[in-house]
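Chains A and B supply the protein sequences, listed in that same order.
Sequential numbering of the first sequence, starting at 59, is according to our numbering.
Sequential numbering of the second sequence, starting at 139, is according to our numbering.
Reading through the structure tokens given below for one structure.
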Amino acid sequence: MGISLRVIILFAICINYSDARPISYSGGSTIMAFSDNMKDSLYYHYSPSYKYSIGIERLKDKFFNTNYSYARFTYLLNRKNTDNSQRNLYFQSGLSSKGMEDYFYGVHGDWETRRWFVGFGLKEVVTSKLDYNDQYFQAGFAPYLGEYGDFHTWIMFKTKKNSLNDKRSTYPVLKFFKGNVLMEFGYNDKTEFDVHLMYRF
Amino acid sequence: MYLVMFIFLFTSLSHAMDLDETHTHEGHHHNDILVDGTKLQLDSDRFQNFVDGLDNSQIAVVSVKGMVCDFCARGIEKTFMKDAAVKKIDVDLTKGKVLIAYTSDAEISFDVISQKILANGQNATGMSILKI
Chain A
59 MGISLRVIIL FAICINYSDA RPISYSGGST IMAFSDNMKD SLYYHYSPSY
109 KYSIGIERLK DKFFNTNYSY ARFTYLLNRK NTDNSQRNLY FQSGLSSKGM
159 EDYFYGVHGD WETRRWFVGF GLKEVVTSKL DYNDQYFQAG FAPYLGEYGD
209 FHTWIMFKTK KNSLNDKRST YPVLKFFKGN VLMEFGYNDK TEFDVHLMYR
259 F
Chain B
139 MYLVMFIFLF TSLSHAMDLD ETHTHEGHHH NDILVDGTKL QLDSDRFQNF
189 VDGLDNSQIA VVSVKGMVCD FCARGIEKTF MKDAAVKKID VDLTKGKVLI
239 AYTSDAEISF DVISQKILAN GQNATGMSIL KI
């Protein structure tokens, strides 16, 4: 496996972190920062409506020491609210600053109660060199139910599969949030520790 | 994975029209069930904490569907606090209620509140107004 191929696979493993909370409330903004041993990413999105968001993601490839950006668009295809749950289905897309031949698109869904969370994502990534798809499934639970304003904790597991190597990667994710700040910590044997921070305003 | 996605998509589309469904209780205020909060399904301690220090106010108790996450409900507080007539707001995730304290002379419209809740991605399904 070539170095560039491994980098692309690792990138695909990491990129799903930015799928969390892809749309804010109407008029709301969200800024996300992600870092691991392979890349740094800074993603800002603005939601003119609760139905869609537009944003820009700046990425620094630590391995090749290159920088590029994605112009991103996310649309809420469907939402189901009940007394005890919320379910969402999103379309997501991104166009790379490298050119019109580099982009991604896909769907991302989740279902959440105060105690349980399940989510999935399917993404097709098109580049001038290589096309591949990426899929993941995530499930988790809140060990305690915090009230509004409390410190909240989620324990999750995420499993991913990429068409490039056709191998599944499964690893734990811890998510914490309080107020407008959310943090996620994941670990797997390929990317080691990675950190995701999010602030909504 | 594709099976999961299919099931998710199928069940989502079958409820596609539910997003904008609300049941307005405007004009059907329950001013007589303030004290113990039982009929309003309020957490009495939380409600008492909320009204402490408030007087000459109206409390809108709004029932909300889909409010399962603290982080997701933050926008509700931000949106309502932009209204000069709003003194205070609280979110009760357990009961699925939003408590909004208005000035005594404010005109409270369920439609306006419902639109603000919807702008945050949830559905308001009913409202009661309590005067203190």
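Think of the CB as a built atom: it goes at the ideal place given N, C-alpha and C, for glycine as much as any other residue.
The model shown is predicted, which means the values in this text are computed figures rather than measured ones.
Where the beta strand (DSSP E) containing residue i begins and where it ends
i         : result
B/Gln-253 : Run containing B/Gln-253: none in the beta strand (DSSP E); it sits in the alpha helix (DSSP H), 248-257.
A/Thr-228 : 226-236
A/Thr-268 : Residue 268 of chain A lies beyond the residue range present for chain A, which begins at 59 and ends at 259; the question has no answer from this structure.
A/Gly-85  : Note, A/Gly-85: premise wrong, no beta strand (DSSP E); not H, not E.
A/Asn-191 : 189-199
A/Asp-94  : That residue, A/Asp-94, is in no beta strand (DSSP E); it is neither H nor E in DSSP.
A/Phe-242 : It should be noted that the sequence gives Glu, not Phe, for residue 242 of chain A. 239-246 is the span of the beta strand (DSSP E), which, as asked, contains A/Glu-242.
A/Gly-113 : 110-119
C-beta neighbour in chain A for residue i, strict 7 Å
i         : result
B/Thr-162 : Per-residue confidence for B/Thr-162 stands at a pLDDT of 34, beneath the threshold of 50, marking its modelled position as unreliable; the derived number appears in the next sentence. Taking Cβ atoms only, chain A never reaches closer than 7 Å to B/Thr-162, which makes this a no.
B/Thr-176 : Note that B/Thr-176 scores 46 on pLDDT, short of 50, meaning its location in the model is unreliable and no value can be drawn from it.
B/Gln-253 : no
B/Gln-179 : no
B/Gly-234 : yes
B/Lys-203 : yes
B/Val-229 : yes
B/Val-250 : no
B/Asp-208 : yes
B/Ala-257 : yes
B/Glu-159 : In this prediction, B/Glu-159 scores a pLDDT of 34, lower than 50, which makes its location untrustworthy; the coordinate-derived value is nonetheless stated afterwards. Chain A, which has no Cβ nearer than 7 Å to the Cβ of B/Glu-159, makes this no.
B/Gln-260 : yes
B/Gly-213 : yes
B/Gly-264 : no
Cβ of residue i within 7 Å of any chain B Cβ
i         : result
A/His-210 : yes
A/Leu-222 : no
A/Arg-130 : no
A/Ser-25  : Residue numbering for chain A in the displayed model covers 59 to 259; residue 25 of chain A lies beyond these limits and cannot be assessed.
A/Tyr-190 : no
A/Glu-170 : yes
A/Leu-232 : no
A/Gln-196 : no
A/Phe-162 : no
A/Ser-127 : no
A/Thr-140 : yes
A/Lys-150 : A quick correction: the sequence has Gln, not Lys, at residue 150 of chain A. Taking Cβ atoms only, chain B never reaches closer than 7 Å to A/Gln-150, which makes this a no.
A/Leu-255 : no
A/Tyr-206 : yes
A/Tyr-102 : no
A/Phe-215 : no
A/Phe-235 : yes
A/Ser-105 : no
A/Asn-238 : yes
A/Ser-111 : no
A/Tyr-133 : no
A/Ser-84  : yes
A/Tyr-108 : yes
Check whether residue i and residue j have beta carbons under 7 Å apart
i         : j         : result
A/His-166 : A/Gly-179 : yes
A/Leu-232 : A/Phe-243 : yes
B/Ile-214 : B/Asn-258 : yes
A/Ser-127 : A/Glu-159 : no
A/Gly-198 : A/Met-214 : yes
A/Asn-139 : A/Leu-147 : no
B/Ala-239 : B/Leu-192 : yes
A/Tyr-257 : A/Tyr-245 : no
A/Arg-172 : B/Val-206 : yes
A/Ser-111 : A/Ile-89  : no
A/Lys-216 : A/Gln-196 : yes
A/Tyr-206 : B/Val-200 : no
Beta-bridge partners of residue i, as assigned by DSSP
i         : result
A/Tyr-206 : Paired residue(s): none; A/Tyr-206 is not in a bridge.
B/Phe-209 : In the DSSP output, where bridge partners are listed per residue, B/Phe-209 has none listed.
A/Leu-153 : A/Ala-129 and A/Tyr-161
B/Gln-196 : B/Tyr-240 and B/Lys-269
B/Lys-226 : B/Ala-239
A/Gln-144 : A/Asn-139 and A/Glu-170
A/Gly-179 : A/His-166 and A/Tyr-194
B/Asn-261 : B/Lys-203
A/Met-256 : A/Met-90 and A/Leu-240
A/Ser-105 : A/Gly-86
Residue interval of the alpha helix (DSSP H) (run including residue i)
i         : result
A/Arg-137 : That residue, A/Arg-137, is in no alpha helix (DSSP H); its beta strand (DSSP E) goes 124-139.
B/Arg-184 : 182-189
Supposed contact pair residue j and residue i - C-beta distance, whole angstroms, cut 8 Å
i         : j         : result
A/Asn-220 : B/Arg-212 : Actually they do not touch by this definition, with Cβ atoms about 33 Å apart.
A/Tyr-133 : A/Ile-114 : With a Cβ gap of about 17 Å, A/Tyr-133 and A/Ile-114 do not count as contacting.
B/Lys-225 : B/Ser-195 : 6 Å
B/Val-202 : B/Val-250 : Not confirmed; about 15 Å, so no contact.
A/His-210 : B/Asp-181 : Between B/Asp-181 and A/His-210 the Cβ distance is about 18 Å, and since that is not below 8 Å, they are no contact.
A/Tyr-104 : A/Ser-84  : Wrong, their Cβ atoms sit about 10 Å apart, outside the cutoff.
A/Asp-252 : A/Asp-119 : Between A/Asp-119 and A/Asp-252 the Cβ distance is about 15 Å, and since that is not below 8 Å, they are no contact.
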